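Quick note, the sequences are listed as chains A, B and C, same order. Mapping of the first sequence onto this note's numbering: residues 456 to 861, in sequence order. Mapping of the second sequence onto this note's numbering: residues 13 to 174, in sequence order. Mapping of the third sequence onto this note's numbering: residues -5 to 158, in sequence order. Single-structure report; data block below.
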Amino acid sequence: MSEIFIETVRDDGTPDDLGSVPMSLQMGPSHPAMHGTIKMRLRLDGEIVQKADVEVGYLHRGFEKSCENSTWTQVFPYTDRLNYVSPLCNNVGYAMAVEKLIGIDVPERCKYVRMIMSETSRVGDHLTCVGASLMELGAFTAFLYAIEAREEIWRLTEEVTGARLTHTYVRVGGLKDDLPPDFEAKYRKVEKKIRSLVDDILLLVDRNRIFLDRMKDTGVMTRERAIDWGFTGPCARASGVAYDVRKSHPYLLYDRTDFDVPVGTTGDNYDRYLVRMEELKQSLRIIDQCFKQMKPGPVNVDDPRIVMPDRDEVYGSIEGTIQHFKIIMEGIQVPPGEVYSYTEGGNGELGFYLVSVGEGKPYKCRVRPPCWNFMQAVHEMLEGYQIADIVPTFGSVNMIGGECDR
Amino acid sequence: MGLDTTSMGGSFVGTKLTEAINWARKYSLFQYPFVTACCGMEFMATACSHYDISRFGAEIPRFSPRQADLLFVVGTVSHKLAPVLKKVYEQMCDPKWVVSFGACASSGGFYDNYCTVQGIDTIIPVDVYIPGCPPRPEAVLDALMLLQEKIQNAQLDRRSVG
Amino acid sequence: MSQYVVQRLTERFPDQILETHAFRGDDTVVLKRDKLLEVLRFLKEDAGLNFDLPVDLTVVDWWRKKEPRFEVVYHLYSLGKGHRIRLKVPVDEDDAVVPSSRAVWAGFDWYEREAWDLYGIRFEGHPNHTRILLWEGFEGHPLRKDYPITKRQPLTALLDGKQE
Ligand code: SF4
């Protein structure tokens, strides 16, 4: 790296003949702040990052190829593991894409349950992101609080879905099951706990000088650049792009709920943090309204070609057995065509582009990962700042390996 | 250490010394979390206050392989990442142990395709496997206790005394 | 998605459009490759269309199903107008090249590299035309339909007696 020689200047303006030589440094992939899956090649001038070159692909797991070899229903577990911090949002996004392709509409109660579950998932997502980036800044206690709150959410979702993290709860045309009968009461308890833990986190960091100094005016992404790079989700909103799929193109029943879309002004790390914290509260608000509006009813569409028959029918009647066999072995028959369906995932516009040739398996199952755009642009948010700013910046864009590399 | 317990054989002193050393080792595991994917979320949950892995003496993560003696491989390892994993393993000093966390690390999980390593034991030796996708925290703690048992019952040889 | 966009495009580039169709409310325009960049620029810069957000770029492989074999698929969105469009550009296997749209939207930078990596479509004029998810030296393009799903190319030697 000796070809570039930078002259430094002393305080009185005379050149410092000692000079300094840019240093190249590799960060990751096995580095705690790089989430284990990103490598950065940095060129440093002292503490300043001159150039950052981001390399991804360490968690490429062949999502698309695997999906092409599975039936439409078997894809759900793979979607769980895309953005594994908010798996239910992915489940819902994929189910809606297939439903769009088939051309069916799910019952109202199902929509409410999907909303409730994806919002709880979003709360967990934002808590993890904020908590982890706080820990990387040294606020370990705040991290413990955030994970404790997330643990409460996981326990709650476990009661509904049967799994703590990889739920596979949503099905094409409905859900695995309705909510358990005493769900709302349990949720209320959890909600109280989350709110108090979030307040505790805020008490710890809100007026903390170190935290503010490290977050403010670092990792700035302007509105124009954010749009050009294709940003969506909390990162775009922090940069002042008021685009939230739930508001701009309401899906499910988001148009019946009242919530605000927080928008930042400068697009720095602090704004991203604030946007996430506010969205978290708005999500709780949405869930509240869902509980108020929700009425009992069926959660699955009434179509035996799409929804699995009841256990009793499978074992008790010949039609049920055949139906079960066909769905399991051949998969749901989806008419030929292509759709692009988009929902608001934890990190932004989560799109599914599906191509069907009229078989039980997807011909192509493409996911549009919001993280991908952040990663291709993150070098702009690092260059010119100090090396210590890499950690908060990288933490606040919330790169999720499973989704970025797929 | 210039200790040569092997030459002491099964003598009383030798056995007691082995026991003592192993006891010390099993409660002071310094782990290197090689976290890549979804299992990492569950790993976080295990490490944090609710399940609190520090109760078992394996609390402090070391992000330098030279300072760690327990390698936790958490999540899917792709072929692109495999050389990194191998390098990390080789940089660790003896005695060292490896825990394969989750279905992906143990066998490739349901990613049986062109880019995923079909189990890290094709690359590095593994001491304990934890099943599950992802494993529950209880399973992780159980695995840790299994490993401690293994360490306690180990015979000291020249290599592990170092 | 919006019918207006299709109309406007057909008026402006009648000879560039091979076909238009709508399915489940998604409007699609199939384009020729020749003036692709011009069309994309128009889509972005025209005040009535104003497609400022690059959403998605991917490829569909119609191996042994359709000719030409590949379709490069663009999804665009306009933040101001709120409309969407899907563009498709068919390309042949022996001539799998399209002009790079990196200069129009920075956001397609990695998407194009990914399409090269996984499908083997070249994007002419891309500033950094390298593999991204896989590594240099990987043979073939895994998301092509003729690439077997379990064909692995390990970078490290396996331990004795172990097999993949
Ligand atoms: S075992 Fe399951 S949860 Fe763990 S990394 Fe693999 S897919 Fe993710």
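Beta carbons: idealized from backbone N, C-alpha and C, even for Gly. These numbers come from a predicted model, not from an experiment.
message: Which residue marks the beginning of the alpha helix (DSSP H) containing A/C655, and which one marks its end?
response: The count along the first sequence starts at 1 and reaches residue 655 of chain A at position 200. Looking at the sequence provided, one finds Asp at residue 655 of chain A rather than Cys. A/D655 -> alpha helix (DSSP H) spans 638 to 660.
- prompt: When burial is assigned at 16 or more other CB atoms within 10 Å of the CB, is B/T128 buried or exposed?
  reply: Translated into the one-based positions of the second sequence, residue 128 of chain B becomes position 116. When all chains shown are included, B/T128 counts as buried.
field: Local Cβ density within 10 Å of C/H15, reported as buried at 16 or more and exposed below that
entry: The sequence position of residue 15 of chain C within the third sequence is 21, counting from 1. Around the beta carbon of C/H15, fewer than 16 other beta carbons sit within 10 angstroms, so the residue counts as exposed.
- prompt: Which stretch, first to last residue, makes up the beta strand (DSSP E) that contains A/C820?
  reply: As a position in the first sequence, residue 820 of chain A is number 365, starting the count at 1. Looking at the DSSP string, the run of the beta strand (DSSP E) that includes A/C820 is 819 to 823.
task: Decide yes or no for the touch test of the region 545 to 559 of chain A against the region 641 to 658 of chain A: beta carbon pairs closer than 8 Å, at least 3 of them.
output: no
- prompt: Near B/Y39, what residues of its chain come up, given a Cβ to Cβ distance below 7 Å and the 5 sequence neighbours on each side ignored?
  reply: Translated into positions along the second sequence, residue 39 of chain B becomes position 27. Contacts found: G69.
field: Within chain C, partners of B/A94 - CB distance below 9 Å
entry: Position 82 of the second sequence holds residue 94 of chain B. Correct list: P148, L149, T150.
query: So, does the CB of C/Q(-3) fall closer than 8 Å to a CB anywhere in chain A?
result: To locate residue -3 of chain C, count along the third sequence from 1; it is residue 3. Output row for C/Q(-3): interface = no.
query: Shorter than 8 Å from the beta carbon of C/I11 to some beta carbon of chain A?
result: Indexing the third sequence from 1 puts residue 11 of chain C at position 17. Output row for C/I11: interface = no.
query: Taking just the CA atoms, how far does A/K819 sit from C/Y113?
result: For this step, residue 113 of chain C is matched to residue 119 along the third sequence. For this step, residue 819 of chain A is matched to residue 364 along the first sequence. Computed Cα separation, rounded: 13 Å.
- prompt: Among residues of its own chain, excluding the 5 on either side of A/S521, which ones have a beta-carbon nearer than 8 Å to its beta-carbon?
  reply: Stepping through the first sequence from its first residue, residue 521 of chain A is reached at position 66. These residues qualify, in order along the chain: Y533.
- request: Could you tell me the boundaries of the alpha helix (DSSP H) in which C/E65 lies?
  value: Locating residue 65 of chain C in the third sequence gives position 71, counting from the first residue. From DSSP, C/E65 is part of no alpha helix (DSSP H) but of the beta strand (DSSP E) over 64 to 71.
field: Residues near C/R2 in its chain [Cβ-Cβ closer than 7 Å; skip 5 each side]
entry: Looking up residue 2 of chain C in the third sequence gives position 8. Answer for C/R2: G42, L43, listed in chain order.
- prompt: Can the beta-carbon of B/V111 be found closer than 8 Å to that of B/I142?
  reply: Here residue 111 of chain B refers to the residue found at position 99 when the second sequence is read from its first residue. Here residue 142 of chain B refers to the residue found at position 130 when the second sequence is read from its first residue. For B/V111 and B/I142, yes; Cβs fall inside 8 Å.
- prompt: A/F460 CB to nearest chain B CB: under 8 Å?
  reply: Position 5 of the first sequence, counted from the first residue, corresponds to residue 460 of chain A. Reliability fails at A/F460, whose pLDDT of 48 lies under 50, so the model's placement of it is uncertain and the value that follows must be treated cautiously. No, A/F460 does not count as interfacial toward chain B.
Partners in chain C for A/L909, counting only beta-carbon separations shorter than 8 Å: Residue 909 of chain A falls outside the range modelled here, since chain A spans only 456 to 861, and no answer is possible.
Classification of C/T144 by the beta-carbon crowding that lies within 10 angstroms, buried from 16 upward: Indexing the third sequence from 1 puts residue 144 of chain C at position 150. Looking at its Cβ environment, which holds fewer than 16 other Cβ atoms inside 10 Å, C/T144 is exposed.
message: Taking a contact to mean a Cβ-Cβ separation below 8 Å, would you say A/E785 touches A/G815 in this structure?
response: Taking the first residue of the first sequence as position 1, residue 785 of chain A is located at position 330. Taking the first residue of the first sequence as position 1, residue 815 of chain A is located at position 360. Their beta carbons are under 8 Å apart, which means A/E785 touches A/G815 by this criterion.
- request: For A/K566, count neighbouring C-beta atoms within 10 Å of its own C-beta (all shown protein chains included) and say buried if the count is 16 or more, exposed if not.
  value: Taking the first residue of the first sequence as 1, we reach residue 566 of chain A at position 111. Result: buried.
message: Give the residues whose C-beta lies closer than 6 Å to at least one heavy atom of ligand 1, in chain order.
response: Residues with a Cβ closer than 6 Å to any heavy atom of ligand 1, in chain order: A/R536, A/T621, B/A49, B/C50, B/C51, B/G87, B/T88, B/G114, B/A115, B/C116, B/G121, B/C145, B/P146.
message: Any beta carbon of chain B sitting closer than 8 Å to that of C/L112?
response: As a working note, residue 112 of chain C is residue 118 in the third sequence. Output row for C/L112: interface = no.
message: Using a Cβ-Cβ cutoff of less than 7 Å, which residues in the same chain neighbour C/E0 once the five nearest sequence positions on both sides are dropped?
response: Numbered from its first residue, the third sequence carries residue 0 of chain C at position 6. Note that residue 0 of chain C corresponds to Val in the displayed sequence, not to Glu. T14, D21, V23.
query: DSSP three-state call for C/I79: helix, strand or coil?
result: Within the third sequence, numbered from 1, the residue matching residue 79 of chain C stands at position 85. Residue state, collapsed to three classes: strand.
- request: For B/A80, collect the residues of the same chain with a Cβ closer than 7 Å to its Cβ; drop the 5 residues on either side in sequence, then sort them by chain order.
  value: For the purposes of this step, residue 80 of chain B is taken as residue 68 along the second sequence, with counting starting at 1. Here the set comprises F42, Q43, Y44, R74, M104.
message: In the DSSP output, which residue or residues are listed as bridge partners for B/I142?
response: Within the second sequence, numbered from 1, the residue matching residue 142 of chain B stands at position 130. Note: B/I142 sits in a beta bridge opposite B/F113.
task: Give every residue of the same chain whose Cβ lies closer than 6 Å to the Cβ of A/K648, excluding the five residues on either side of it in the sequence, and list them in chain order.
output: Translated into positions along the first sequence, residue 648 of chain A becomes position 193. Within the same chain, A/K648 has close Cβ partners E607.
query: Going along the chain, which residues of its own chain have a beta-carbon closer than 6 Å to the beta-carbon of C/L51, five neighbours each way excluded?
result: The sequence position of residue 51 of chain C within the third sequence is 57, counting from 1. Listed in chain order, the non-local C-beta contacts of C/L51 below 6 Å within the same chain comprise Y68, F102, Y105, local neighbours out to five positions each way being set aside.
query: For the putative contact between A/D860 and A/G512, defined by C-beta atoms under 8 Å, what is the C-beta separation to the nearest angstrom?
result: Residue mapping note: residue 860 of chain A aligns to position 405 of the first sequence, counting from 1. Residue mapping note: residue 512 of chain A aligns to position 57 of the first sequence, counting from 1. So it is a contact: roughly 6 Å between Cβ atoms.
message: Which of the three DSSP states is assigned to A/E510 in this structure?
response: Along the first sequence, read from residue 1 onward, the residue named residue 510 of chain A stands at position 55. Strand.
- request: Alpha carbon to alpha carbon, how far is A/S738 from A/T575? Give it in angstroms, no decimals.
  value: Residue mapping note: residue 575 of chain A aligns to position 120 of the first sequence, counting from 1. Residue mapping note: residue 738 of chain A aligns to position 283 of the first sequence, counting from 1. Those two C-alpha atoms are separated by around 7 Å.
field: Members of the region 66 to 91 of chain B near chain C, C-beta cut-off 7 Å
entry: H91
- prompt: Name the chain A residues whose beta carbon is nearer than 8 Å to that of C/D50?
  reply: Here residue 50 of chain C is taken as the residue at index 56 of the third sequence, counted from 1. Those within 8 Å of C/D50 in chain A are Y795, G806, Y808, R821, R823.
Residues that B/T128 contacts on chain A, provided the C-beta gap is smaller than 8 Å: Numbered from 1 along the second sequence, position 116 holds the residue referred to as residue 128 of chain B. Those within 8 Å of B/T128 in chain A are R516, G517.
field: Short CB-CB distance (under 8 Å) between B/D124 and chain F
entry: Judged by its chain identifiers, the structure shown contains no chain F, and its protein chains are A, B and C.
message: Does the CB of C/W99 have a neighbour CB from chain A at under 8 Å?
response: Walking along the third sequence from the start, residue 99 of chain C turns up at place 105. True, the Cβ-Cβ gap to chain A drops below 8 Å.
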